[in-house]
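2 protein chains.
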Amino acid sequence: MQDVATSSRTAETTATATAPTSRAECAALDAADPLAALRDEFVLPEGVVYFDGNSLGALPRRTMAGVTRMIEQEWGQGLIRSWNGADWYPMPHTIGERVAPLIGAAAGQTVICDSVSVNIFKVLISALRMRPTRGTLVSELDIFPTDLYITEGVRRLVPDSQMRLIGRDGPDLESVLGPDTAAVLLSHVDYRTGRLHDMAAVTDLVHRHGALMIWDLCHSAGAMPIELDACGVDFAVGCTYKYLNAGPGAPAFLYAAERHQDSVDQPLLGWSGHADPFAFEPGYTPVPGVGRFLAGTPPMLSFAGLLAALEVFEDVDLHQVRAKSLALAELVIARGDELGLDLATPREPERRGSHVTFRHEHGYQIVQALIEQGIIGDFRAPDHMRFGLTPLYTSFSEVWDAMDAMAEILATKSWQDERFLRQGTVT
Amino acid sequence: MQDVATSSRTAETTATATAPTSRAECAALDAADPLAALRDEFVLPEGVVYFDGNSLGALPRRTMAGVTRMIEQEWGQGLIRSWNGADWYPMPHTIGERVAPLIGAAAGQTVICDSVSVNIFKVLISALRMRPTRGTLVSELDIFPTDLYITEGVRRLVPDSQMRLIGRDGPDLESVLGPDTAAVLLSHVDYRTGRLHDMAAVTDLVHRHGALMIWDLCHSAGAMPIELDACGVDFAVGCTYKYLNAGPGAPAFLYAAERHQDSVDQPLLGWSGHADPFAFEPGYTPVPGVGRFLAGTPPMLSFAGLLAALEVFEDVDLHQVRAKSLALAELVIARGDELGLDLATPREPERRGSHVTFRHEHGYQIVQALIEQGIIGDFRAPDHMRFGLTPLYTSFSEVWDAMDAMAEILATKSWQDERFLRQGTVT
């Protein structure tokens, strides 16, 4: 993978910035930040510095109004009539079209439905059926585990299918691709280290072996420009509750390239994917297009939260988001270097997502000590301390202050306090 | 089916009531209604009489406060910390335990997750795996179509499986059960006609043939006492947005009898069903118990709506609900008889759910003419006019008034007005 990932540069990558070296410089960067006004779009609690937007995005101020309108007006007053009158029925598509520009998808290829896990299932089964003479699904050991679990579920279900994993000390991608490879499922950004795959190069490599490319965009959608169409991607899935700020467990999105849609045959044949759901016919006829990935009735309260959150992105330039994300990360990395922290995230900007991760044997306690001061990052087993950078609301000054706090915690070893011990774990 | 359905009586069935014969009698029944105070728990728009709670339940007044608390406090202020601090993680279980008493389930057998369609998929695959020497799934032609579509999706996926349908002019249940039957999936209440199956008798019959019984409770949960444990049911699924009033597309519930849980092997192996999801292990180990049916991250905005809606049921006696439901239906049926309407719903109380359906060749236009007057029932192809009766907020007086309006519409043939024509249909 390393060879592939570094073999080309994505168009949006900027040169490595020089990180600010004082709080005053940080304040100057904040004052000049073209995205600074977006911070007011979010509720950010007093006394909290939030570096976990890569796990759960902060609450947009407009969410409450959008959800209230849906509940009080559309449901409360409109009742059943709102399925037509408030355009609830087409919402998996209409909201999908609001996600589409964020992932480089032309119209008609993106829907909102189910969870990432369920969508991966639908896409993997479809991929195996589209490559009936090939039985191997390739993924990576360090992908978010639900992707592996779902792949395992598919493998047990489809005779003669198998799973091969790349990464860590295992083989690289090129060495496992072959005439039996049906599809490759990779995470655009690694949930632990923040490593970014080169979408264009990897997709191209997979296609050269006749396989389908499926991207998991959970940790990149909303944090950088993504070009699914331009890269020729076959399928993609992603969540909306990280950098898209749609709320805990908000519905997922699913992208299917137009060229594949009419050959898609996924087994969750729910009525929402039927060509004429209100004909109530006993036989299933899939609707033409990406809608055939829909299954059950869409959850409107959660959809209302998603719709409001996407309004925040309406005039946002994702290239500006990416540039700020990389600059914020440079600051975290530079100060981490000063502290002698073990950086798990690639140093090259073009190989990074929007979070920075350090490894530390006492990472769990250090993260707890930071949280006690209102500085919220998170810990991922076995020893990863993650700091998510959300350019829509993260400032350079607060990164500076957080790294000051980190320096203090490390210098005084205050993380050794017993209240930061992991429950049930002897450290 | 007819033989089975009429062969026994469910314990909660009351004798046929005598329907009121005047509006004054209706007002007296309303005044004596032990459930009358519950009407104030709901937002019911001015000028609307709502008979579609069997499709989308009305908005509970407490929903907005519950959702607001979740969004502003738990998400907005608590941010990522609320997965633990506000007990989001266990919510599929904790809310499941609030549904459990409504369906006659002891603790530890009910979870909230996904949609009905996705849950049927999980249960059907599990059932086939639990009966590896049997390949036939039995359902009924008149079940809500998503059940058939999902069964078809499963059939295509599992080699040597097949689907057999009972009902209408087809065979009855007993004649299709045999040594190859793996499972039977039936709807407790028929979504069009309101016909109620005898859960105890049907489950017993299915078990005598060695097959598993799966009930779809979409059209009965919240409208009557249900006794899953007492009837020895194996699995059940149901939605929460009809008689449970949790909001459009709210998450579904899934019941798995305790005796089966550890042999369940369903293929949607999402991380929420893992024994230790935060260990982030590459291999899947299912959590013990019903939790192994969970897949993706639960949608908390929709969960908040469900939680608030279930609070309404806390002190509700479902036997009282059932008694009022049957009495309301007697009134609809009696007045329909006077109008010469063609009743599609069984006349015997013990064979009815909580909606009453008439067939009429101009049913679509008649329903539209009623809706124009604020009387909201619905139409289901080809010719079914449905009137859902929700004892928590439906009064005898409004049923009386609605049937007056129906009489007027039929007498004057006002439904012939061109604005009630179905778009694109010549009538």
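One line per chain: the protein sequences are A and B, in this order.
Numbers in this note's numbering are just positions in the first sequence, counted from 1, shifted up by 638.
Numbers in this note's numbering are just positions in the second sequence, counted from 1, shifted up by 638.
In this text, a Cβ means the ideal position worked out from N, Cα and C, and glycines have one as well.
Point to revise | A/T652 - DSSP class collapsed to helix/strand/coil | key: Confidence in A/T652 is poor, its pLDDT being 43 and thus under 50, which makes the residue's placement unreliable; the coordinate value appears in the next sentence. Residue state, collapsed to three classes: coil.
Check your understanding: From A/E679 to A/K880, what does the alpha carbon distance come to, in whole angstroms?
Key -> 16 angstroms
**Study point:** Test item: CB-CB of A/L717 and B/D690 under 9 angstroms
**Key:** yes
Practice item. Alpha carbon to alpha carbon, how far is A/Y893 from B/L866? Give it in angstroms, no decimals. Key: 40 angstroms
Point to revise | One or two residues paired with B/G1026 in a DSSP bridge | key: B/H993
Practice item. Using the Cα positions of A/L823 and A/I1004, report the straight-line distance between them to the nearest angstrom. Key: 33 angstroms
Review point. If we cut at 9 angstroms on Cβ distances, does A/I804 have a partner in chain B?
Key: no
Review point. Roughly how many angstroms separate the alpha carbons of B/L803 and B/W853, rounded to a whole number?
Key: 15 angstroms
Check your understanding: Does the beta carbon of A/C877 sit closer than 9 angstroms to a beta carbon anywhere in chain B?
Key -> yes
Point to revise | Contact set between B/Y787 and chain A, taken where Cβ atoms lie within less than 7 angstroms | key: L907, G908, W909, H912, Y922
Review point. If you scan the segment 929 to 1003 of chain B from start to end, which runs of the alpha helix (DSSP H) of 4 or more residues do you find wholly inside it?
Key: 938 to 949, 956 to 976
Check your understanding: From A/Q904 to A/Q747, what does the alpha carbon distance come to, in whole angstroms?
Key -> 16 angstroms
Point to revise | Pair within 9 angstroms by beta-carbon distance, B/V875 and B/M837 | key: no
Exercise for review: Name the two residues that bound the continuous beta strand (DSSP E) containing B/Y893.
Suggested key: 891 to 894
Check your understanding: Is DSSP giving B/G860 helix, strand or coil here?
Key -> coil
**Study point:** Simplified DSSP assignment, three categories, for B/F1058
**Key:** helix
Point to revise | Any non-hydrogen atom of the ligand MG within 8 angstroms of A/L815 CB | key: Ligands displayed in this structure: none; no statement on the ligand MG is therefore possible.
Practice item. Return the Cβ separation of A/S753 and A/L775 in integer angstroms, given the expectation that the two are a contact with Cβ distance under 8 angstroms. Key: Going by Cβ atoms, the distance from A/S753 to A/L775 rounds to 19 angstroms, so no, they are not a contact pair.
Exercise for review: Measure the CB-CB distance between B/V959 and B/P1029 and report whether it falls below 9 angstroms.
Suggested key: yes
Review point. Does the beta-carbon of A/A744 have 16 or more other beta-carbons within 10 angstroms, so that it is buried, or is it exposed?
Key: exposed
Practice item. Take B/H998 and list the residues in its own chain whose beta-carbon comes closer than 8 angstroms to its own, dropping the five residues that flank it on each side. Key: L979, D980, I1004, D1021, M1023
**Study point:** Integer Cβ distance of A/S858 from A/H826, believed to fall under 8 angstroms
**Key:** 4 angstroms
Check your understanding: CA-CA distance, A/E986 and A/W713?
Key -> 49 angstroms
Check your understanding: Closest Cβ-Cβ distance between B/A917 and chain A: below 9 angstroms?
Key -> yes
Practice item. Using a Cβ-Cβ cut-off of 9 angstroms, state whether B/F782 counts as contacting chain D. Key: In summary, chain D is missing from the structure at hand, where the protein chains are A and B.
Review point. What number of angstroms, rounded off, separates the C-alpha of B/T644 from the C-alpha of B/F891?
Key: Reliability of the predicted coordinates at B/T644 is poor, the pLDDT of 38 falling under 50, and the value obtained from them is presented with this limitation in mind. Their backbone Cα atoms lie some 28 angstroms apart in a straight line.
Practice item. With a threshold of 16 other CB atoms inside 10 Å of the CB of A/L811, please say whether the residue is buried or exposed. Key: buried
Point to revise | Proximity below 9 angstroms, CB of B/H898 to CB of B/S1033 | key: no
Practice item. Could you spell out the range, first to last residue, of the beta strand (DSSP E) harbouring B/A1038? Key: Sequence inspection shows Trp at residue 1038 of chain B; the Ala mentioned does not correspond to that position. First-last for B/W1038: 1034 to 1050, but that is the alpha helix (DSSP H), not the beta strand (DSSP E).
Exercise for review: Verify whether the separation of the beta carbon atoms of A/C877 and A/T841 is less than 9 angstroms.
Suggested key: no
Review point. Any beta-carbon of chain A closer than 9 angstroms to the one on B/Y688?
Key: yes
**Study point:** Every unbroken alpha helix (DSSP H) inside the segment 812 to 881 of chain B [4 residues or more]
**Key:** 837 to 846, 866 to 869
Check your understanding: What are the residues of the segment 930 to 958 of chain B that lie near chain A, defined by any Cβ-Cβ distance shorter than 7 angstroms?
Key -> A933, G934, T935, P936, P937, M938, L939, S940, G943
Check your understanding: With burial defined as no fewer than 16 other Cβ atoms inside 10 Å of the residue's Cβ, what is the status of A/A1049: buried or exposed?
Key -> exposed
**Study point:** Own chain partners of B/G934 with C-beta closer than 7 angstroms, once the 5 adjacent residues on each side are dropped
**Key:** G908, S910
Review point. Using a Cβ-Cβ distance under 9 angstroms, would A/M702 count as near chain B?
Key: yes
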